[in-house]
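Chains as they are written, first to last, in this note's numbering: chain A, 493 to 695; chain B, 493 to 695; chain C, 493 to 695.
Cβ atoms here follow ideal geometry from the backbone N, Cα and C, with glycine treated the same way.
Quick notes on the structure that follows.
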Amino acid sequence: MFSIYLVAITAEAMSGALAAGRRNMDIFGVAVIAFVTALGGGTIRDVTLGRFPIGWTQNPEYVYIVISAGLLTTLIAPFVRRLKRLFLVLDAMGLVAFSLIGCSVALSMNYATVVVIMSGMITGICGGILRDILCGQVPVVFQRELYASVALTVCIMFLSLKYLGVTTDIANLVSFMAGLLLRLLAIWRSWRLPTFSIESDWK
Amino acid sequence: MFSIYLVAITAEAMSGALAAGRRNMDIFGVAVIAFVTALGGGTIRDVTLGRFPIGWTQNPEYVYIVISAGLLTTLIAPFVRRLKRLFLVLDAMGLVAFSLIGCSVALSMNYATVVVIMSGMITGICGGILRDILCGQVPVVFQRELYASVALTVCIMFLSLKYLGVTTDIANLVSFMAGLLLRLLAIWRSWRLPTFSIESDWK
Amino acid sequence: MFSIYLVAITAEAMSGALAAGRRNMDIFGVAVIAFVTALGGGTIRDVTLGRFPIGWTQNPEYVYIVISAGLLTTLIAPFVRRLKRLFLVLDAMGLVAFSLIGCSVALSMNYATVVVIMSGMITGICGGILRDILCGQVPVVFQRELYASVALTVCIMFLSLKYLGVTTDIANLVSFMAGLLLRLLAIWRSWRLPTFSIESDWK
Numbered sequence: 493m494f495s496i497y498l499v500a501i502t503a504e505a506m507s508g509a510l511a512a513g514r515r516n517m518d519i520f521g522v523a524v525i526a527f528v529t530a531l532g533g534g535t536i537r538d539v540t541l542g543r544f545p546i547g548w549t550q551n552p553e554y555v556y557i558v559i560s561a562g563l564l565t566t567l568i569a570p571f572v573r574r575l576k577r578l579f580l581v582l583d584a585m586g587l588v589a590f591s592l593i594g595c596s597v598a599l600s601m602n603y604a605t606v607v608v609i610m611s612g613m614i615t616g617i618c619g620g621i622l623r624d625i626l627c628g629q630v631p632v633v634f635q636r637e638l639y640a641s642v643a644l645t646v647c648i649m650f651l652s653l654k655y656l657g658v659t660t661d662i663a664n665l666v667s668f669m670a671g672l673l674l675r676l677l678a679i680w681r682s683w684r685l686p687t688f689s690i691e692s693d694w695k
Numbered sequence: 493m494f495s496i497y498l499v500a501i502t503a504e505a506m507s508g509a510l511a512a513g514r515r516n517m518d519i520f521g522v523a524v525i526a527f528v529t530a531l532g533g534g535t536i537r538d539v540t541l542g543r544f545p546i547g548w549t550q551n552p553e554y555v556y557i558v559i560s561a562g563l564l565t566t567l568i569a570p571f572v573r574r575l576k577r578l579f580l581v582l583d584a585m586g587l588v589a590f591s592l593i594g595c596s597v598a599l600s601m602n603y604a605t606v607v608v609i610m611s612g613m614i615t616g617i618c619g620g621i622l623r624d625i626l627c628g629q630v631p632v633v634f635q636r637e638l639y640a641s642v643a644l645t646v647c648i649m650f651l652s653l654k655y656l657g658v659t660t661d662i663a664n665l666v667s668f669m670a671g672l673l674l675r676l677l678a679i680w681r682s683w684r685l686p687t688f689s690i691e692s693d694w695k
Numbered sequence: 493m494f495s496i497y498l499v500a501i502t503a504e505a506m507s508g509a510l511a512a513g514r515r516n517m518d519i520f521g522v523a524v525i526a527f528v529t530a531l532g533g534g535t536i537r538d539v540t541l542g543r544f545p546i547g548w549t550q551n552p553e554y555v556y557i558v559i560s561a562g563l564l565t566t567l568i569a570p571f572v573r574r575l576k577r578l579f580l581v582l583d584a585m586g587l588v589a590f591s592l593i594g595c596s597v598a599l600s601m602n603y604a605t606v607v608v609i610m611s612g613m614i615t616g617i618c619g620g621i622l623r624d625i626l627c628g629q630v631p632v633v634f635q636r637e638l639y640a641s642v643a644l645t646v647c648i649m650f651l652s653l654k655y656l657g658v659t660t661d662i663a664n665l666v667s668f669m670a671g672l673l674l675r676l677l678a679i680w681r682s683w684r685l686p687t688f689s690i691e692s693d694w695k
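Below is the structure:
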């Protein structure tokens with residue numbers, strides 16, 4: 493799980509750097525957006541759960557990893573473009589791994605089930621939300637193919653398996669594979685949730 | 493006060509869902525925006541005051557209420573439109589109730605007076621600010637009819653009454669009625685605060 | 493250092509008020525943006541470091557100072573315009589002072605070096621980031637002349653001097669002067685970091 497976490501923060505940092513590049517930010521902005529995208533979800537989760545000190549402050553190497561990944565992305569951006577498919581898989585792994593980690597953290601603090609699920613989702617999607625807000629756009633997680641729904645599905649599956657008596661390792665593994673499959677299928681088939689639209693001329 | 497709190501979070505969740513609908517979000521985005529609008533203000537207040545665990549994590553039923561209210565709103569949106577007047581009253585009740593709750597929380601933690609007032613205002617208006625940021629617009633509370641000013645007035649009135657020796661229940665009741673009246677009058681008469689405008693061509 | 497802190501929050505509050513004025517906010521919005529710009533960076537730092545109660549809640553006079561400064565700015569805006577050069581110097585002093593304070597706070601809590609640096613940068617730049625988000629624009633710190641880089645430089649210089657055995661007072665003083673000089677030079681010469689730009693037609 494730990495090595496998948498490293499893949500996850502790296503992929504998220506790269507997605508942050510790419511978003512910053514689309515906004516013509518300087519390399520410093522790239523580093524900040526990479527940091528926030530990769531570690532922001534976990535930070536919001538820790539604050540929400542009242543879990544201090546916050547994760548990354550105790551593991552400074554994560555800071556170096558995500559900033560390096562962000563800056564490296566500026567160099568290899570054309571290359572990433574060609575590897576877009578690989579990048580989407582990494583990003584999906586990140587989403588699913590973050591969600592499972594978020595569940596585990598809240599579980600270990602004995603929060604109620606709905607809080608555990610929220611914790612998984614916060615960890616999975618808040619980094620991307622912060623990235624989009626800092627880049628001045630409406631967060632894509634609210635509008636695109638199943639993304640947040642994948643986080644939700646993963647969390648519920650993990651908790652259900654645990655409840656059925658499956659060991660934590662197996663529950664993690666099965667949820668991870670199922671979530672990854674669901675996310676990739678959603679991208680491939682352009683699955684979306686029904687949209688709620690109302691005219692903008694009234695409050 | 494408790495039943496008014498339930499009305500308040502329901503009204504806030506509905507206002508969040510309507511805002512999400514204006515941005516064509518999927519039903520998942522609607523649920524998230526409803527959640528953030530209704531419980532975000534209290535969350536920011538609790539974090540600011542260092543009050544852990546955060547309120548809603550100890551009352552999971554609130555999460556179900558606000559998400560249900562948000563999703564339900566997608567079904568009854570045309571109906572809500574006709575009931576716009578009722579909705580504005582509910583929203584005003586929410587604003588005033590949130591502000592009073594924010595004051596009480598900070599008072600019970602022995603914070604200084606100005607912090608108590610800030611706490612009331614944070615609880616009252618931050619949910620709406622988060623909603624607007626996530627929907628990609630400048631927060632309306634900074635531009636429209638007396639809204640945040642109502643929160644401020646309610647907090648100051650509540651503290652003044654307490655200071656004059658009025659019991660907490662009476663102070664709550666009087667402030668609630670006065671705040672509700674002020675807000676509804678402001679909407680009805682389109683009262684606004686003076687605006688500060690400068691040309692945008694200089695820093 | 494303390495009097496410089498007062499100058500810093502005043503300058504930041506004024507910059508917030510000016511930003512609010514460019515968005516035609518009412519005087520209440522001006523007060524909120526002034527407050528968030530001046531005290532938001534320290535608040536995010538305290539939350540990130542798990543340092544409760546948060547600074548300004550224990551020093552209510554800061555709240556009065558920043559709100560007064562914000563409202564006063566609405567009266568003297570044309571005057572500020574003529575004094576733009578003075579204002580930029582105050583703003584630069586604020587940036588550098590905030591960064592040094594952020595480092596000191598994290599140092600006193602025995603955090604790792606990279607966290608100390610992050611703490612300085614968060615304190616220095618997050619107020620401005622919040623201001624820009626609330627005003628609906630992409631944060632300027634990611635796009636303009638050396639701004640965040642100044643915060644970073646100041647933090648690293650301060651820690652290096654401390655590491656070399658220089659006393660805290662001297663380290664603060666030297667870093668402050670150097671940071672101020674660097675920032676003013678950057679404005680004067682329009683120094684920028686290299687920008688990372690990619691076309692917006694791909695994810």
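Asked: Measuring alpha carbon to alpha carbon, tell me which residue in C:Arg-543, C:Gly-628, C:Ser-495 and C:Val-646 is nearest Ala-598 (chain C).; Found: C:Arg-543
Asked: For Asp-518 (chain A), would you say it is in contact with chain C, using Cβ-to-Cβ distances shorter than 8 Å as the test?; Found: yes
Asked: In whole angstroms, give me the CA-to-CA distance for Ser-641 (chain A) and Val-646 (chain C).; Found: 43 Å
Asked: Taking the straight line between their C-alpha atoms, what separation do you get for Asp-518 (chain A) and Ile-621 (chain C)?; Found: 15 Å
Asked: Please list, in chain order, all residues of the same chain as Met-601 (chain C) whose beta carbon is under 8 Å from its beta carbon, the five residues on each side excluded.; Found: Leu-541 and Arg-543
Asked: With DSSP collapsed to three states, give me the class of Thr-659 (chain A).; Found: coil
Asked: Determine the direct distance from the alpha carbon of Ser-682 (chain C) to that of Leu-656 (chain C), and round the result to whole angstroms.; Found: 32 Å
Asked: Would Arg-515 (chain B) count as contacting chain A if we go by Cβ distances under 8 Å?; Found: yes
Asked: Please list, in chain order, all residues of the same chain as Val-588 (chain C) whose beta carbon is under 6 Å from its beta carbon, the five residues on each side excluded.; Found: Val-646, Phe-668, Gly-671 and Leu-672
Asked: Please go through the same chain and pick out, in chain order, the residues whose beta-carbon is closer than 6 Å to the beta-carbon of Arg-515 (chain C), but skip the five residues on each side of it.; Found: Cys-627
Asked: What does the alpha-carbon distance come out to for the pair Ala-505 (chain B) and Val-539 (chain A)?; Found: 22 Å
Asked: Is it buried or exposed, Asp-661 (chain B), if we count other Cβ atoms within 10 angstroms and call 16 or more buried?; Found: exposed
Asked: Compute the Euclidean distance between the alpha carbons of Ser-692 (chain A) and Val-632 (chain B), then round it to the nearest angstrom.; Found: Low confidence applies to Ser-692 (chain A): its pLDDT is 49, below 50, so where it sits in the model is not reliable enough to give any reading.
Asked: Looking only at its chain, what residues have a beta carbon closer than 8 Å to the beta carbon of Ile-559 (chain A), apart from the 5 residues adjacent to it on each side?; Found: Ala-505, Ala-523, Ala-526 and Phe-527
Asked: Return the CA-CA distance between Tyr-497 (chain B) and Ser-596 (chain C), expressed in angstroms with no decimal places.; Found: 42 Å
Asked: What distance in whole Å lies between the Cβ atoms of Leu-582 (chain B) and Val-499 (chain B), which are believed to be in contact at a cut-off of 8 Å?; Found: 6 Å
Asked: What are the residues of the region 624-645 of chain C that lie near chain B, defined by any Cβ-Cβ distance shorter than 7 Å?; Found: Ile-625, Leu-626, Cys-627 and Gly-628
Asked: Can Thr-502 (chain B) and Ile-536 (chain B) be called in contact, C-beta distance under 8 Å?; Found: no
Asked: With a cut-off of 8 Å on the beta carbons, I'd call Met-613 (chain B) and Leu-644 (chain B) a contact; round off their distance for me.; Found: 6 Å
Asked: Skipping 5 residues on each side, what residues in its chain have a beta carbon closer than 7 Å to that of Phe-590 (chain C)?; Found: Ala-500, Gly-533, Thr-615 and Gly-616
Asked: If you draw a straight line from the C-alpha of Gly-513 (chain A) to the C-alpha of Leu-685 (chain C), how long is it?; Found: 13 Å
Asked: Quick one: list the residues of chain A neighbouring Ser-689 (chain C), beta-carbon separation under 9 Å, in chain order.; Found: Gly-513, Arg-514, Arg-515, Asn-516 and Met-517
Asked: Quick one: list the residues of chain A neighbouring Thr-529 (chain B), beta-carbon separation under 8 Å, in chain order.; Found: Correct list: empty, because the minimum Cβ distance to chain A is about 13 Å.
Asked: List the residues of chain B whose Cβ lies closer than 7 Å to the Cβ of Arg-681 (chain A), in chain order.; Found: Going along chain B, no residue has its Cβ under 7 Å from Arg-681 (chain A), so there is no contact; the nearest lies around 15 Å.
Asked: What do you reckon, are the CB atoms on Leu-638 (chain B) and Leu-580 (chain B) nearer than 8 Å?; Found: no
Asked: Does any C-beta atom of chain C lie closer than 8 Å to the C-beta of Asp-693 (chain A)?; Found: No answer about Asp-693 (chain A) holds up, because its pLDDT of 47 lies below 50 and its placement is not dependable.
Asked: What residues in its chain sit with their C-beta under 8 Å from that of Ala-603 (chain B), if we drop five residues either side in the sequence?; Found: In the sequence under discussion, the amino acid at residue 603 (chain B) is Tyr, which differs from the Ala named in the question. If we look at Tyr-603 (chain B) and ignore the five residues flanking it on each side, its Cβ neighbours are Leu-541 and Ser-611.
Asked: On a Cα-Cα basis, can you pick out the residue from A:Leu-592, A:Pro-545 and A:Lys-576 that is closest to Ile-679 (chain A)?; Found: A:Lys-576
Asked: The alpha helix (DSSP H) spanning Met-506 (chain A) covers which residue range?; Found: 494-514
Asked: Over the uninterrupted alpha helix (DSSP H) stretch that includes Gly-532 (chain B), give me the two end residues.; Found: 519-541
Asked: Between which two residues does the alpha helix (DSSP H) harbouring Ile-621 (chain C) extend?; Found: 605-626
Asked: Just tell me which of A:Val-606, A:Pro-552, A:Asn-664 and A:Phe-634 has its CA closest to the CA of Gly-689 (chain A).; Found: In the sequence as displayed, the identity of residue 689 (chain A) is Ser instead of Gly. The candidate whose alpha carbon is nearest that of Ser-689 (chain A) is A:Phe-634.
Asked: Per DSSP, which one or two residues make a beta bridge with Thr-687 (chain B)?; Found: C:Asp-518
Asked: Closest to Cys-618 (chain C) by C-alpha separation, out of A:Leu-653, A:Met-585 and A:Gly-521, would be which residue?; Found: A:Gly-521
Asked: Taking the straight line between their C-alpha atoms, what separation do you get for Val-606 (chain B) and Pro-552 (chain C)?; Found: 6 Å
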